[in-house]
Amino acid sequence: MSHEKIFETADLDLTAAIMTGTGNPPVIGHQRDGLVIFEFIDNEVTRAIVIAFATGQLVQPVKRFAAARAWLFRQVKGGRR
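When the count follows UniProt numbering, it moves up by one through the sequence shown with no breaks and lands on 81 for the last residue.
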């Protein structure tokens, strides 16, 4: 049985950036006090996006990023899936 490492974040913009860069949606988990945690497989691509995002060097298509962010917001608020 394989246990893949998981990257977790509560940052909606970082999550949208990872979605835009990988094309994969996160697993969405709800913690106590209403905090939402987004999970991705922790691999080289995810780490590269996180580092570029954190250093302000990430460049992505704005429309795809905005669409990913809007989709995430709807999921968190309980909207259509």
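Beta carbons are placed, not taken as given, at the ideal position from N, Cα and C, and that holds for glycine.
CB of residue i within 8 Å of CB of residue j, strictly
| i | j | result |
| --- | --- | --- |
| residue 76 | residue 36 | yes |
| residue 68 | residue 19 | yes |
| residue 72 | residue 9 | no |
| residue 59 | residue 22 | no |
Simplified DSSP state of residue i, which is helix, strand or coil
| i | result |
| --- | --- |
| residue 9 | strand |
| residue 50 | helix |
| residue 20 | helix |
| residue 59 | coil |
Those residues which DSSP pairs with residue i across a bridge
| i | result |
| --- | --- |
| residue 39 | 8 and 27 |
Distance, residue j Cα to residue i Cα
| i | j | result |
| --- | --- | --- |
| residue 41 | residue 28 | 13 Å |
| residue 66 | residue 5 | 27 Å |
| residue 53 | residue 24 | 17 Å |
| residue 38 | residue 7 | 8 Å |
| residue 55 | residue 47 | 12 Å |
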